[in-house]
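Please read the structure below before turning to the comments.
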Amino acid sequence: MMIKETSLRRDPDLRGELAFLARGCDFVLPSRFKKRLKSFQQTQIQNKPEKKPGTPLPPTATFPSSPRPLSPVPHVNNVVNAPLSVNIPQFYFPEGLPDACSNYEQTLSKIETAFMDIEDQKADIYEMGKIAKLCGCPLYWKAPMFRAAGGERTGLVSAPSFIAMWRKLLNDHHDDASKFICLLAKPSCNSLEQEDFIPLLQDVVDTHPGLTFLKDAPEFHSRYITTVIQRIFYTVNRSWSGKITSTEIRKSNFLQTLALLEEEEDINQITDYFSYEHFYVIYCKFWELDSDHDLYISQADLSRYNDQASSNRIIERIFSGAVTRGKTVQKEGRMSYADFVWFLISEEDKRNPTSIEYWFRCMDVDGDGVLSMYELEYFYEEQCERMEAMGIEPLPFHDLLCQMLDLVKPATDGKITLRDLKRCRMAHIFYDTFFNLEKYLDHEQRDPFAVQKDVENEGPEPSDWDRFAAEEYETLVAEESAQAQFQEGKDKKQECGILEQRESKTTEITTPAAWPIHLFILTLKIVVTSHCPLLSSQCKERQKSVSNYTEKWTNIKQLQISIKYSMEELLTLGRRLQQSQQDLKLSVFTIFREVREYCTPEMRLTSFLEIKRKKFK
0 MMIKETSLRR DPDLRGELAF LARGCDFVLP SRFKKRLKSF QQTQIQNKPE KKPGTPLPPT
60 ATFPSSPRPL SPVPHVNNVV NAPLSVNIPQ FYFPEGLPDA CSNYEQTLSK IETAFMDIED
120 QKADIYEMGK IAKLCGCPLY WKAPMFRAAG GERTGLVSAP SFIAMWRKLL NDHHDDASKF
180 ICLLAKPSCN SLEQEDFIPL LQDVVDTHPG LTFLKDAPEF HSRYITTVIQ RIFYTVNRSW
240 SGKITSTEIR KSNFLQTLAL LEEEEDINQI TDYFSYEHFY VIYCKFWELD SDHDLYISQA
300 DLSRYNDQAS SNRIIERIFS GAVTRGKTVQ KEGRMSYADF VWFLISEEDK RNPTSIEYWF
360 RCMDVDGDGV LSMYELEYFY EEQCERMEAM GIEPLPFHDL LCQMLDLVKP ATDGKITLRD
420 LKRCRMAHIF YDTFFNLEKY LDHEQRDPFA VQKDVENEGP EPSDWDRFAA EEYETLVAEE
480 SAQAQFQEGK DKKQECGILE QRESKTTEIT TPAAWPIHLF ILTLKIVVTS HCPLLSSQCK
540 ERQKSVSNYT EKWTNIKQLQ ISIKYSMEEL LTLGRRLQQS QQDLKLSVFT IFREVREYCT
600 PEMRLTSFLE IKRKKFK
């Protein structure tokens, strides 16, 4: 049987066998090579099935250009196919997952019909609310939609311009977050900056029923809007970039909270972002520190917050630019109202993730991403000095460091990272220990089992910021009402004094001492001139005026007596409050002094209250 010569390029099996024969051989004799080649070809012919009539040839196997090394098997009969290219479906949709079942044309026809019902087929910003509902959007999307359709230039939006804008948006953006970004952002921008929220929030101020009282105070519009914007960026902008992306919008609850504004008339019930009570607390705190009322506070002004509870070193770090944006803080040493919003929320709610990052940036002096031991000692030194000035013996840094490491349990010994503080869920105690003396002493006197109970509690309780804002708002309202009552009493007293002066400048008939004599004279006139109608009418008018003066004088006397009693009650209440504050301070200092005298070095880590009970036992 004749063996046809086979080309190496056309027969991949032969190429693979030759590669196997040549493996490990530096030199092969030609005769031996020919014998191996001949035996291989005979084997291939014997294994080849005979072709039957009507049976198609099997498909030729394809191999890559460079053959892979085969395993050292004596006979290779199975041909390995090349890996097929797999079509991996798209799994990342930056503009949202497209919905193939949605019928955009039906929505656009409804919008066109709604424009037909409007006069001149042009809608203003108030009528845009109906269009927003037809588009399936919340009510307060109307201002961004109005601006995106060109309504800011002319004050009206026509049907063709809005439909063209909305059709393009539906084709390019497929979820609420990407649509919201597209409506509010500047052209060719895919993120939101702070000024992009102003039209939206101005519409909320103008139209929400819970903010109607602000119409008479336009000077507070910008400050309320600034507060809401800072709270939005504080919660949503987790990257600290100053620009909110669609991914951050999706991960937050902002769009859900914005939709609640349509359903809730009392805006104070929406504690996230929009609460007016929270704005009132923040602005009053800032106003108390801003002595010159130029909407900027200095480092000395900020140190007065909460009776200088925060240390000077942490305030220096805040003004160093570690957590503030812009060059105003670094160059002029002044903090704006927007930066104060971040400070206040971070100070009063140290459990918040943004607050943990805020204070970590402040304490990371060298900026290496970890809190080393020398940085902790740097901040604790001032705490020790302040405690010694109060007559309290501080805990040595070595002992305190052992407590903090046991509290945080860092992954790397001697280095505390941001992840460690977020994982331990006790970051508020850690931070207060190093730069807030008042809260540190409060934690020391608190029951440790109560602290552990708070950590283990997973219920939907209000945050520390919500509790602080509610308490401070009640306190501010009570102080304002008391001040208003005092001012009202003072004004009434002044009115009474002015009225007395006016009455004293009139005729003697207006004085109480002359009233009985004049009444006697009037009686005689009435008897004498009873037959004269003109004089009789004059006497009756005079008699009415006398009775009016008498009634007025009685009311004034009663008012003076009530004001006098209310003033006495206020003074008594003020004295009691002052005395109670002095007693409280005296008792606290007495306990601290006794604890210092009684404590031994082994007992310094125990609670002050336990030591007090042991002493009295």
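Residues 0 to 616, numbered by numbering that gives the first Met the number 0, are exactly what the sequence shown covers, in order. Ideal Cβ placement from N, Cα and C applies to all residues, glycine included.
Counterpart residues of residue i in DSSP-defined beta bridges
| i | result |
| --- | --- |
| Tyr-282 | Partner(s): none; Tyr-282 has no beta bridge. |
| Phe-190 | Per the sequence shown, residue 190 should be read as Ser rather than Phe. DSSP, once it has assigned bridges, lists no residue as partnering Ser-190. |
| Leu-370 | Ile-415 |
| Ser-309 | Asn-435 |
| Val-156 | Ala-122 |
| Ile-243 | Leu-191 |
Terminal residues of the beta strand (DSSP E) in which residue i lies
| i | result |
| --- | --- |
| Arg-333 | 333 to 335 |
| Ser-297 | 295 to 297 |
Simplified DSSP state of residue i, which is helix, strand or coil
| i | result |
| --- | --- |
| Ser-251 | coil |
| Lys-349 | coil |
| Lys-121 | strand |
| Val-407 | helix |
| Val-364 | coil |
| Ile-628 | Residue 628 is absent from the structure shown; the chain starts at 0 and stops at 616. |
| Ile-428 | helix |
| Ile-355 | helix |
| Ile-618 | The chain is shown only over 0 to 616; residue 618 falls outside these bounds and no answer can be derived. |
| Asn-236 | coil |
| Ser-631 | There is no way to answer for residue 631, as the model of the chain reaches only from 0 to 616. |
| Phe-273 | coil |
| Leu-399 | helix |
| Ala-176 | helix |
| Glu-381 | helix |
| Ala-216 | coil |
| Arg-222 | helix |
| Ser-38 | helix |
| Arg-303 | coil |
Alpha-carbon to alpha-carbon, residue j and residue i
| i | j | result |
| --- | --- | --- |
| Ile-243 | Ser-190 | 5 Å |
| Glu-384 | Val-364 | 20 Å |
| Pro-159 | Tyr-103 | 16 Å |
| Asp-628 | Cys-283 | What the structure shows of the chain is the stretch from 0 to 616, and residue 628 is not part of that stretch, so it cannot be assessed. |
| Phe-429 | Ser-335 | 28 Å |
| Asn-77 | Leu-169 | In this predicted model, Asn-77 has a pLDDT of only 48, less than 50, meaning its place in the structure is not dependable enough to derive any value. |
| Val-476 | Leu-260 | 25 Å |
| Pro-393 | Glu-387 | 7 Å |
| Gly-368 | Phe-359 | 9 Å |
| Asp-98 | Lys-178 | 14 Å |
| Ile-391 | Tyr-357 | 29 Å |
| Val-436 | Glu-471 | The amino acid occupying residue 436 in the given sequence is Leu; Val does not appear at that position. Leu-436 and Glu-471: Cα-Cα distance of roughly 20 Å. |
| Val-407 | Met-425 | 7 Å |
| Gly-332 | Arg-350 | 28 Å |
| Arg-422 | Ser-345 | 18 Å |
| Asp-441 | Ser-245 | 41 Å |
| Pro-198 | Pro-186 | 16 Å |
Residue i beta carbon near the ligand GDP (any heavy atom closer than 7 Å)
| i | result |
| --- | --- |
| Glu-460 | As far as ligands go, the structure on display features none, and thus does not contain the ligand GDP. |
C-beta neighbour in chain B for residue i, strict 8 Å
| i | result |
| --- | --- |
| Cys-401 | The displayed structure is made up of one protein chain only, and chain B is not part of it. |
Delimiting residues of the alpha helix (DSSP H) encompassing residue i
| i | result |
| --- | --- |
| Asp-441 | 436 to 444 |
| Lys-185 | Unbroken run through Lys-185: none, as it is neither H nor E. |
| Met-389 | Per DSSP, Met-389 belongs to no alpha helix (DSSP H) and is neither H nor E. |
| Gln-201 | 197 to 206 |
| Lys-129 | 127 to 133 |
| Lys-109 | 103 to 115 |
| Pro-143 | 141 to 147 |
Residue i classed as buried or exposed, judged by whether at least 16 other C-beta atoms fall within 10 angstroms
| i | result |
| --- | --- |
| Val-156 | buried |
| Met-115 | exposed |
| Asp-419 | buried |
| Val-340 | buried |
| Val-322 | buried |
| Pro-143 | buried |
| Ala-481 | exposed |
| Met-389 | exposed |
| Thr-506 | The predicted position of Thr-506 is uncertain, since its pLDDT is 41 and thus under 50; a value taken from the coordinates is nonetheless stated next. The residue is exposed, with fewer than 16 neighbouring Cβ atoms inside 10 Å. |
| Trp-464 | buried |
| Phe-519 | Confidence at Phe-519 is low in this model, with a pLDDT of 43, below 50, so its placement is unreliable and the value that follows should be read with caution. The residue in question, Phe-519, is exposed, as its Cβ has fewer than 16 Cβ neighbours within 10 Å. |
| Ala-299 | exposed |
| Phe-433 | buried |
| Asn-252 | exposed |
| Gly-128 | buried |
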